[in-house]
Amino acid sequence: MPLLVVTGYPSSGKTTRAEQIREDLVRRIVGSKEDRERKLKVHIVNDDILKIPKDVYRKAKLEKAARGSLMSSTGRLLTKDDIVICDGLNYIKGFRYQLYCESKALETPHCVVHVGVPKEVCEEWNRSRGDEGYPEDMHVQNRKQGLIW
Numbered sequence: 359m360p361l362l363v364v365t366g367y368p369s370s371g372k373t374t375r376a377e378q379i380r381e382d383l384v385r386r387i388v389g390s391k392e393d394r395e396r397k398l399k400v401h402i403v404n405d406d407i408l409k410i411p412k413d414v415y416r417k418a419k420l421e422k423a424a425r426g427s428l429m430s431s432t433g434r435l436l437t438k439d440d441i442v443i444c445d446g447l448n449y450i451k452g453f454r455y456q457l458y459c460e461s462k463a464l465e466t467p468h469c470v471v472h473v474g475v476p477k478e479v480c481e482e483w484n485r486s487r488g489d490e491g492y493p494e495d496m497h498v499q500n501r502k503q504g505l506i507w
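Counting in our numbering, the sequence shown runs from 359 upward without gaps.
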């Protein structure tokens, strides 16, 4: 079934939006009159579930390993009978393309949900999270494919 890739700045509300989408899908599945639809499962794959600490995004090598873990976990769950929500930073175009190719190989739909929140609001929300937020110094790191913030 479909793959939903959630993108947006750190602390933009991606996980909240992913949970809202999951809840709505589960509600629709439970209320469905179709046997095939009632068999569907909805999975969320994110850093919290995979126990990936937020500070891995400080170092490119650690971040690459984290993306690999996110990719393989998403790929394992992706079937014609499951809906997978990939909730991560997903800011690298090539990574999103790899996920797209995974869904195409299984002949299942794919979509990208971008959570658009201004950078300043994300930084404020991140500060309000204290130790549970992303490290403050991440926003100054320049990446080959763009800024984290």
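Here a beta-carbon is modelled for each residue, glycine too, at the ideal position from N, C-alpha and C.
The continuous stretches of beta strand (DSSP E) do not include Asp405, and DSSP gives it neither H nor E. In this structure, the alpha-carbon of Lys417 lies about 29 Å from that of Ser461.
Of all alpha-carbon atoms in Ile443, Met429, Val473, Val403, the one lying nearest the alpha-carbon of Gly452 is that of Met429. No Cβ-Cβ contact shorter than 7 Å links Val403 with Cys459.
A straight line joining the alpha-carbon of Met359 with that of Ile387 spans about 13 Å. The Cβ atoms of Ser369 and Cys480 lie closer than 7 Å to each other. Excluding five sequence positions before and after Ile410, the CB atoms of its chain that fall closer than 6 Å to its own CB belong to Ala424, given in chain order. Under the three-state reduction of DSSP output, Leu361 falls in the strand class. Taking a contact to require three or more Cβ pairs closer than 8 Å, the segment 392-401 and the segment 430-440 qualify as touching.
Approximately 6 Å separates the beta-carbon atoms of Ser431 and Leu408; this is inside 8 Å, confirming the contact. By the CB criterion at 7 Å, Val471 and Val364 fall inside the cutoff. Residues Leu408, Ile410 of the same chain have their beta carbon placed closer than 7 Å to that of Ser427, with the five preceding and five following residues left out of the count. With respect to the C-alpha of Ala376, the residue from Tyr455, Gly491, Asp413, Val442 having the closest C-alpha is Val442.
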